[in-house]
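Written out below as structure tokens is the structure these notes cover.
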Amino acid sequence: MTQANRQILTKGLWLENPIFRQVLGICSSLAVTNLLANTLFMCFGVVSVTALSNLTISLLRNLIPQRIRMIVQVLIIASYVMMVDIIIRAYAPDVHRFIGPYVGLIITNCIIMGRAEAFASQNRPWPSFLDGIACGLGYALVLIAIACVREPLGFGTLFGHPLPARQAWWHPWTIMVMPPGAFFMLAVVTWICRTISLNTKPRKQV
Amino acid sequence: MDLPDYFAEYETSKTGIAMEPLQQFGPFVSILLIFISAAFTDNILLARFLGMCSCLGVSKNVDTSVGLGLAVIFVTACTAALNYLVYRHLLVPLGLEYLRLITFIMVIAAFVQLIEMVIERLSLTLYYALGIFLPLITVNCAILGVCLFMLNKPYGFVQTFFFGLGSGCGWFLAITIIGGIREKIDESGLPKGLVGPGITLIIIGIMSLAFVGFSGMIRI
Amino acid sequence: MTSILLAVAFLAGIGLLLAALLILAERKILNYGPCKISINDGARELEVQGGASLLSGLAQNEIFVPSACGGRGSCAYCKVRVLEGGGPVGPVETPYLSPKELEENVRLSCQVKVRNDLLIAIPGELFAAKRYTGVLERKRPLTYDIVELRIRLQEPDGMDFLAGQYVQLESEPYKGRDAVMRAYSVSSAPSDRNHIELIIRRVPDGIMTTWVFDYLKEGQTVHFSGPYGEFRLSETDAPIVFIAGGSGMAPIYSILKDMKEKGIRRKAVYFFGALTQKDLFFIDDLKKLEEEHPWFAFVPALSSEPEGSDWKGKRGLITQIVKEALAEASTHEAYLCGSPGMIDACIKVLTEGNMPEEHIYYDKFT
Chain A
47 MTQANRQILT KGLWLENPIF RQVLGICSSL AVTNLLANTL FMCFGVVSVT
97 ALSNLTISLL RNLIPQRIRM IVQVLIIASY VMMVDIIIRA YAPDVHRFIG
147 PYVGLIITNC IIMGRAEAFA SQNRPWPSFL DGIACGLGYA LVLIAIACVR
197 EPLGFGTLFG HPLPARQAWW HPWTIMVMPP GAFFMLAVVT WICRTISLNT
247 KPRKQV
Chain B
221 MDLPDYFAEY ETSKTGIAME PLQQFGPFVS ILLIFISAAF TDNILLARFL
271 GMCSCLGVSK NVDTSVGLGL AVIFVTACTA ALNYLVYRHL LVPLGLEYLR
321 LITFIMVIAA FVQLIEMVIE RLSLTLYYAL GIFLPLITVN CAILGVCLFM
371 LNKPYGFVQT FFFGLGSGCG WFLAITIIGG IREKIDESGL PKGLVGPGIT
421 LIIIGIMSLA FVGFSGMIRI
Chain C
128 MTSILLAVAF LAGIGLLLAA LLILAERKIL NYGPCKISIN DGARELEVQG
178 GASLLSGLAQ NEIFVPSACG GRGSCAYCKV RVLEGGGPVG PVETPYLSPK
228 ELEENVRLSC QVKVRNDLLI AIPGELFAAK RYTGVLERKR PLTYDIVELR
278 IRLQEPDGMD FLAGQYVQLE SEPYKGRDAV MRAYSVSSAP SDRNHIELII
328 RRVPDGIMTT WVFDYLKEGQ TVHFSGPYGE FRLSETDAPI VFIAGGSGMA
378 PIYSILKDMK EKGIRRKAVY FFGALTQKDL FFIDDLKKLE EEHPWFAFVP
428 ALSSEPEGSD WKGKRGLITQ IVKEALAEAS THEAYLCGSP GMIDACIKVL
478 TEGNMPEEHI YYDKFT
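Residue numbers (this note's numbering), protein chains in the order written: chain A, 47 to 252; chain B, 221 to 440; chain C, 128 to 493.
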């Protein structure tokens with residue numbers, strides 16, 4: 047893999063992580079992280095839509111007139127989201143009942159629109175595809191990290207399997223299931239990651 | 221409190237929740253209840269997590285928050301009603317419900333464009349003040365979210381309008397309070413890693429904690 | 128199969144319906160009707176269709192306000208004073224307007240939309256600016272990245288300008304890039320009113336320079352508007368210091384030719400800064416001018432020429448050379464042409480040599 051492509055991956059995953067660095071795509075990340083199963087399907091959705099729409103927009107970038115650029119991008123993203131929505135509904139109907147509307151809201155997920163505008167409309171298809179995967183994975187990593195804290199603490203289970211402590215003595219923390227818990231967890235994750243990145247790269251701007 | 225039931229409050233497309241049937245209230249009372257539930261108990265930002273991105277970016281001071289909030293109220297109410305009509309009278313009869321995502325977003329985009337033109341004609345100062353936020357409203361999750369949530373509710377046209385109005389007002393309320401608190405917090409010393417999104421999320425979390433106290437008040 | 132067709136037809140239908148609705152709405156809502164523009168206290172009155180920018184409204188009426196960015200609000204060339212009817216100042220304009228300019232109602236004409244009757248004030252010489260059509264008579268390289276264009280004017284067939292002024296050259300669209308306008312100083316003498324010569328340096332990936340270097344051919348029709356600019360020789364007798372490098376030579380070369388033809392014998396020194404010998408051009412012409420005219424001295428200086436090469440002229444940064452040559456500059460006038468960084472550095476050196484700031488004239492290339 048070339049140096050440039052490797053940089054794309056590290057940027058999407060850590061240096062310019064969409065969640066704690068660029069603060070995009072927060073909406074869905076708070077809603078679905080109460081259960082790890084929900085999170086994994088959501089991440090699958092976001093990674094595939096970001097990568098595929100980046101690829102498509104990059105392939106079409108010289109053909110789209112300037113004036114209707116945004117509308118065409120939204121339509122492309124909407125089509126992929128519809129496909130992902132149908133796939134999730136077919137293969138995991140229980141999960142879909144919980145995260146249904148939030149899958150639809152991937153269309154308005156700032157990450158995808160942002161990457162399409164900033165990267166895919168000016169770069170070649172393969173780097174754009176990699177950038178989509180990288181940002182999607184960056185998003186997924188943060189979400190999985192949050193879910194791995196919220197689900198055990200909130201339900202006492204992990205991926206649906208009850209943890210040993212749950213049966214013995216652990217009383218679930220209700221707050222982790224509710225919206226405030228999500229906000230606090232995301233704040234903590236943002237704090238930790240930003241402090242790490244501030245300390246490792248002292249000359250980097252916040 | 222049994223956990224699965226509590227969690228059921230936040231489920232969106234399950235129809236088995238014990239919801240109060242609307243028919244028992246008169247028309248005006250039902251509209252009032254819908255408005256209050258949309259603004260407080262089911263606050264679109266604090267309980268449903270929607271509209272965060274623009275919120276985190278904008279809420280730095282109260283003036284821009286108010287301007288954006290008012291615009292969002294207007295767009296949410298009108299597009300909720302419009303999309304209701306499009307859904308019930310166009311998509312359902314043709315059997316094309318699965319196209320709702322694309323159709324809704326197209327209607328929202330066209331409506332926002334229309335509003336942009338009207339604002340530009342009527343008040344240039346407001347147009348410049350809103351600036352970049354107007355096109356950003358199109359991709360505001362809250363608006364598309366309201367349109368998707370209203371599909372699962374057994375509301376009529378007028379009730380859907382007030383559902384949208386209430387949701388918009390709830391969003392406006394949340395973002396204005398957050399803006400006010402952020403203005404004050406800016407003056408105190410914070411750890412470097414918390415500056416910006418970190419502290420904002422904690423503020424929102426605390427507010428959300430307060431609003432959770434409303435839950436169960438009205439289940440409509 | 129039918130469901131697929133139905134879905135596609137429905138989406139296309141909704142899309143067309145919404146698009147038609149928006150176009151109709153734009154016609155009705157943003158229709159401002161005809162608006163009057165009164166220029167310079169009624170010296171000229173225009174009527175334009177409302178809804179477009181002031182810049183394009185003026186251009187349609189043959190008043191060419193200079194613009195380098197094509198109306199995007201990034202070059203700030205198009206400043207005019209809008210005394211009445213301009214509406215609030217937009218966020219795109221505020222970064223480019225100083226508080227004094229805001230008090231005087233200076234606006235960017237590409238950002239002011241004509242919605243009602245306007246009262247504006249523009250510099251008188253803009254009335255003289257026209258749009259010209261010409262043919263490229265000669266395109267010859269001067270160095271590895273600088274080319275000289277000689278254009279014969281066709282319609283109108285002559286342009287009256289002052290040495291030091293510039294024109295706005297228009298490029299043509301090519302390979303995914305739009306047409307743009309860029310400002311270039313005229314390097315030929317004003318006496319040759321049927322031709323203009325331009326010196327253009329290649330900017331890597333620049334829209335205009337790529338067109339000039341790679342697409343423009345001799346015999347091709349070109350368009351430009353002008354003349355613009357206030358950079359010109361003063362009317363005094365003070366001795367002159369010229370400082371310019373690369374394509375910055377253009378207005379100075381025009382001024383020198385003009386001085387020679389008109390018999391203006393003010394003492395003049397021209398400091399020409401460049402990196403290496405590869406960047407020098409017109410050396411023989413300028414040396415010849417030096418020999419024939421004792422009032423003129425030509426001082427080329429190279430800052431990155433390798434040690435031990437055959438260059439016998441001065442070496443070092445141009446600011447250093449100027450400092451050494453001009454210990455006392457209080458009576459001189461300076462004319463500078465180049466990048467903003469170079470000009471700021473030279474101004475510093477000159478003012479340290481006691482030159483009053485009012486005696487320093489410059490043409491900043493952005």
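Note that the Cβ used here is the ideal one computed from N, Cα and C, for glycine as well. Everything numeric in this text was worked out from a predicted model, so none of it was measured.
What are the boundary residues of the beta strand (DSSP E) that includes residue i?
i, result
"Y462 of chain C", "E460 to G465"
"C210 of chain C", "Reading off the sequence shown, one finds Leu at residue 210 of chain C, where the question assumed Cys. Start and end: K206 to E211."
"H350 of chain C", "T348 to Y355"
"Q295 of chain C", "Y293 to E297"
"D262 of chain B", "That residue, D262 of chain B, is in no beta strand (DSSP E); it is neither H nor E in DSSP."
Does DSSP classify residue i as helix, strand or coil?
i, result
"H309 of chain B", "helix"
"D168 of chain C", "coil"
"K250 of chain A", "Confidence at K250 of chain A is low in this model, with a pLDDT of 44, below 50, so the placement of that residue should be treated as unreliable; the coordinate-derived value is given next. The answer is coil: DSSP assigns K250 of chain A none of H, G, I, E or B."
"F276 of chain C", "Contrary to the premise, residue 276 of chain C reads as Leu rather than Phe in this sequence. Here L276 of chain C sits in strand by DSSP."
"R267 of chain C", "strand"
"M308 of chain C", "strand"
"Y226 of chain B", "At Y226 of chain B, the pLDDT of 32 sits below 50, so the modelled position is not reliable; the number obtained from the coordinates is stated separately. Y226 of chain B: helix per DSSP, three-state reduction."
"S315 of chain C", "coil"
"E455 of chain C", "coil"
"G91 of chain A", "helix"
"T79 of chain A", "coil"
"V223 of chain A", "coil"
"P355 of chain B", "helix"
"D498 of chain C", "Given a span of 128 to 493 for chain C in the structure shown, any question on residue 498 of chain C remains unanswerable."
"Q168 of chain A", "coil"
"I247 of chain C", "strand"
For the alpha helix (DSSP H) that residue i lies in, which residues bound it at each end?
i, result
"S130 of chain C", "T129 to I156"
"L253 of chain B", "P247 to I256"
"E324 of chain C", "No alpha helix (DSSP H) contains E324 of chain C, which is instead part of the beta strand (DSSP E) from H322 to R328."
"I115 of chain A", "Note that residue 115 of chain A is Arg in the sequence shown here, rather than Ile. Unbroken alpha helix (DSSP H) run through R115 of chain A: R115 to Y137."
"G418 of chain B", "P417 to V432"
"R4 of chain A", "Nothing in the structure corresponds to residue 4 of chain A, since chain A is present only between 47 and 252."
"R161 of chain A", "C156 to R161"
Taking the CB atoms as reference points, tell me whether residue i and residue j lie closer together than 8 Å.
i, j, result
"R240 of chain A", "A166 of chain A", "no"
"Q295 of chain C", "M286 of chain C", "no"
"F399 of chain C", "V426 of chain C", "yes"
"A186 of chain A", "C89 of chain A", "yes"
"E451 of chain C", "R442 of chain C", "no"
"V216 of chain C", "R234 of chain C", "yes"
"F191 of chain C", "K257 of chain C", "yes"
"E460 of chain C", "T363 of chain C", "yes"
"P378 of chain C", "F351 of chain C", "no"
"E324 of chain C", "S314 of chain C", "yes"
"W495 of chain C", "Y293 of chain C", "One cannot answer for residue 495 of chain C here, as it falls past the ends of chain C, which runs 128 to 493."
For residue i, go through chain B and note every residue whose CB falls closer than 9 Å to its CB, in chain order.
i, result
"D129 of chain A", "The question names Asp, yet the displayed sequence has Met at residue 129 of chain A. Under the 9 Å cutoff, chain B gives no residues; its nearest Cβ is about 10 Å from M129 of chain A."
"M88 of chain A", "By Cβ distance, chain B contributes nothing, its closest Cβ being about 12 Å from M88 of chain A, past 9 Å."
"W216 of chain A", "Going along chain B, no residue has its Cβ under 9 Å from W216 of chain A, so there is no contact; the nearest lies around 13 Å."
Starting from residue i, find everything on chain C with Cβ-Cβ shorter than 7 Å and list it in chain order.
i, result
"T323 of chain B", "I141"
"Y348 of chain B", "P215, G217 and P218"
Which residues in chain C have a C-beta closer than 9 Å to the C-beta of residue i? List them in chain order.
i, result
"V295 of chain B", "Residues of chain C passing the Cβ test: none, with the nearest at roughly 15 Å."
Determine whether the Cβ of residue i lies closer than 8 Å to any Cβ atom of chain F.
i, result
"K412 of chain B", "Protein chains in the displayed structure are A, B and C, and chain F is not among them."
Under 9 Å between beta-carbons, which chain A residues line up against residue i? List them in chain order, please.
i, result
"Y318 of chain B", "M128, D131 and I132"
Under 7 Å Cβ-Cβ, which residues of chain A neighbour residue i?
i, result
"C389 of chain B", "The premise fails here: C389 of chain B is roughly 18 Å from chain A at the closest Cβ pair, so nothing lies under 7 Å."
Please list the partners that residue i has in chain B, where partner means a Cβ-to-Cβ separation under 7 Å.
i, result
"W237 of chain A", "G413, L414 and G418"
Taking residue i as the query, report the chain A residues whose CB atoms sit under 8 Å from its CB, ordered along the chain.
i, result
"I401 of chain B", "Correct list: empty, because the minimum Cβ distance to chain A is about 13 Å."
Quiz item: Between the region 252-261 of chain B and the region 424-435 of chain B, are three or more C-beta pairs nearer than 8 Å?
Solution: yes
Self-check item: Three or more C-beta pairs below 8 Å linking the region 417-430 of chain B and the region 384-400 of chain B
Solution: yes
Practice problem: For the region 369-382 of chain B and the region 178-189 of chain C, state whether three or more C-beta atom pairs, one from each stretch, are separated by less than 8 Å. | Solution: no
Self-check item: Cβ contact (3+ pairs, closer than 8 Å) linking the region 220-231 of chain A and the region 166-186 of chain A
Solution: Short answer: they don't touch.
Quiz item: Hey, is the region 207-214 of chain C in contact with the region 265-281 of chain C, meaning 3+ C-beta pairs nearer than 8 Å?
Solution: Touching, no, given that fewer than three Cβ pairs across the two stretches are closer than 8 Å.
Quiz item: Between the region 346-356 of chain B and the region 142-154 of chain A, are three or more C-beta pairs nearer than 8 Å?
Solution: no
Self-check item: the region 48-62 of chain A in contact with the region 129-140 of chain A per 3-pair CB rule at 8 Å
Solution: Counting Cβ pairs under 8 Å, fewer than three are found: no touch.
Quiz item: Is it a yes or a no for the region 158-172 of chain A touching the region 89-100 of chain A, going by three-plus beta-carbon pairs under 8 Å?
Solution: yes
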